[in-house]
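S.K.:
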Amino acid sequence: MTTNKKVNWAIIGLGHRGRALSHIYHYLVPGSRVIAICDRIEPLMKKTMELLKDPDIKMYKDYEKLLKNKSVDAVAVFVAPEDNPDIVCQCLEAGKHVLGEVPLSLTMEGCWKIVTTVEKTGLKFQMAEQLRYAAFVKAWKKLVQDNLLGKILYCEGQYLHGMGPDRYWINPVTGENVTIDQAQKLKIPLMKSRFWNLKHPIFYLPHELSPLLHILDDRVVRVVAMATKSPGYRYDWFPQPDIEVALMHTEKDTILRLMAGFTIDTLKGSEHCNRMIGTKGWVEQPRTKSEKGKMWLSGYFMKDSVDIEWDYTNYWEYPVVAQQTGHGGLDYYPVASMVEAILFDKPVEMDVYKSVETTAPAILAGISIEKGSIPIDVPDFRPGKKRKPGELPEKLF
56 MTTNKKVNWA
66 IIGLGHRGRA
76 LSHIYHYLVP
86 GSRVIAICDR
96 IEPLMKKTME
106 LLKDPDIKMY
116 KDYEKLLKNK
126 SVDAVAVFVA
136 PEDNPDIVCQ
146 CLEAGKHVLG
156 EVPLSLTMEG
166 CWKIVTTVEK
176 TGLKFQMAEQ
186 LRYAAFVKAW
196 KKLVQDNLLG
206 KILYCEGQYL
216 HGMGPDRYWI
226 NPVTGENVTI
236 DQAQKLKIPL
246 MKSRFWNLKH
256 PIFYLPHELS
266 PLLHILDDRV
276 VRVVAMATKS
286 PGYRYDWFPQ
296 PDIEVALMHT
306 EKDTILRLMA
316 GFTIDTLKGS
326 EHCNRMIGTK
336 GWVEQPRTKS
346 EKGKMWLSGY
356 FMKDSVDIEW
366 DYTNYWEYPV
376 VAQQTGHGGL
386 DYYPVASMVE
396 AILFDKPVEM
406 DVYKSVETTA
416 PAILAGISIE
426 KGSIPIDVPD
436 FRPGKKRKPG
446 ELPEKLF
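Numbering (this note's numbering), first residue to last: 56 to 452.
1) Please go through the same chain and pick out, in chain order, the residues whose beta-carbon is closer than 7 Å to the beta-carbon of Val173, but skip the five residues on each side of it.
2) What did DSSP end up calling Ser392 once you bin it into helix, strand or coil?
3) Find the nearest neighbour of Arg277 within the set Thr413, Lys175, Trp351, judged by alpha-carbon distance.
4) One question on the structure: do Glu299 and Ala315 come within less than 8 Å of each other, judged by their Cβ atoms?
5) What number of angstroms, rounded off, separates the C-alpha of Ala129 from the C-alpha of Tyr355?
6) With 16 as the cutoff for other CB atoms within 10 Å, does Glu364 come out buried or exposed?
7) Assuming contact is defined by CB atoms lying nearer than 8 Å, are Lys123 and Ala91 in contact in what I supplied?
8) In angstroms, rounded to a whole number, what distance separates the CA positions of Ala415 and Thr283?
9) At which residues does the beta strand (DSSP E) containing Trp337 begin and terminate?
10) If you draw a straight line from the alpha carbon of Lys335 to that of Lys349, how long is it in whole angstroms?
11) How far does the beta strand (DSSP E) with Phe317 in it extend, from its first residue to its last?
12) Check whether the segment 396 to 407 touches the segment 225 to 245, taking contact to mean three or more Cβ pairs, one atom from each stretch, closer than 8 Å.
13) Under a Cβ-count criterion, where at least 16 other Cβ atoms within 10 Å of its own Cβ denotes burial, should Asn59 be classed as buried or exposed?
14) Distance check for His81 and Val62, CA to CA, integer angstroms please.
15) Which residue comes first and which comes last in the alpha helix (DSSP H) that contains His71?
16) For Met163 and Ile332, which I take to be in contact (beta-carbon distance under 8 Å), what is that distance rounded to the nearest angstrom?
17) Any contact of the segment 268 to 275 with the segment 188 to 197, i.e. 3+ C-beta pairs under 8 Å?
Here it is in structure tokens:
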């Protein structure tokens, strides 16, 4: 499908993530261009303009003024997760499609606010979770669909990311990253980094939960979680546990074990490890650079597991420009799929229900920890007999 039309994007939030991805929106995805950018910190807007090299792009310090620009079709929101729900909903109410970032919200109230606003406006919304587009996810989903693994009983996912010392705070005047040592000495209020400076590291779980639920075509119905102490052991003054772990039960009777941590040293910077066990076999990702993935299928007379690699080296569903984007080319996919959905009025890949189904269990895991590791039921966000589209439920959870 081709068209000469383009989606006119505005980008709100020009920190590390928003600034880096602006190039994808403007230059790499067919049918896409950036016509406006917005951030309270002027140096970040100047850096973005230098990157995009397009003087026709309009700059705004106030996103509410940006939303009055009738030429803007869609907004990519890269703000602090606690601000996500309000800004996402204001964009939708202004008649703009929205691509939101991970994590979508830090509260159940925020999740429900976004769901009901999408339902009321009828506009397209997607969370830009990119790992669901990975090669191993496509491969594992096909294994499940073809019943080669049998009934999936258990899955593991963990996201450990050893952060550099400058990834936790931002100077609100210059937009520059602030190191941990500087943060302890500076007397001005600092902005938290959007990703890592969270009360609960497990809030940043969608990158593990999204791929697994996509493979299983399932949703979480119950969660219980535990954490090491806060402040942690790695930085005894930093108000965050080093590790948080959740057990989750899905609607189709699969048990998930999910882990997240963003203060400890890790082997290769970022460690995404997944494992899936079924009644007829299992698969797992490598845990180190020297390893390969492994697979064992009981129905194929395999004496032992085999080493296997899942990647897009010889095949890309989108143009080769995807390889110019971050996270192994995966940053291209959420933008490209959203642009296609808008231009041709197609369903989005990760709609608002799938988005909150990967966000809410992580929020409830944090609440479980705060309440002494009690199990908590996860609500069904889809409308039905108990809730009409656009209406809030009687209980948030």
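Note that CB positions come from ideal geometry on N, CA and C, so glycine has one too. This structure is a prediction, so every number in the text was calculated from the model and none was measured.
M.R.: The short version:
1) So the list reads Leu147, Phe180, Val407, once near-sequence residues are dropped.
2) helix
3) Thr413
4) yes
5) 49 Å
6) It counts as exposed.
7) no
8) The straight-line gap from Cα to Cα measures roughly 21 Å.
9) Where Trp337 is concerned, the enclosing beta strand (DSSP E) stretches over 336 to 339.
10) Straight-line measurement puts the Cα of Lys349 at about 15 Å from the Cα of Lys335.
11) Note, Phe317: premise wrong, no beta strand (DSSP E); not H, not E.
12) no
13) exposed
14) 10 Å
15) Here the alpha helix (DSSP H) through His71 covers 71 to 78.
16) Contact flag wrong, Cβ pair sits at about 31 Å.
17) yes
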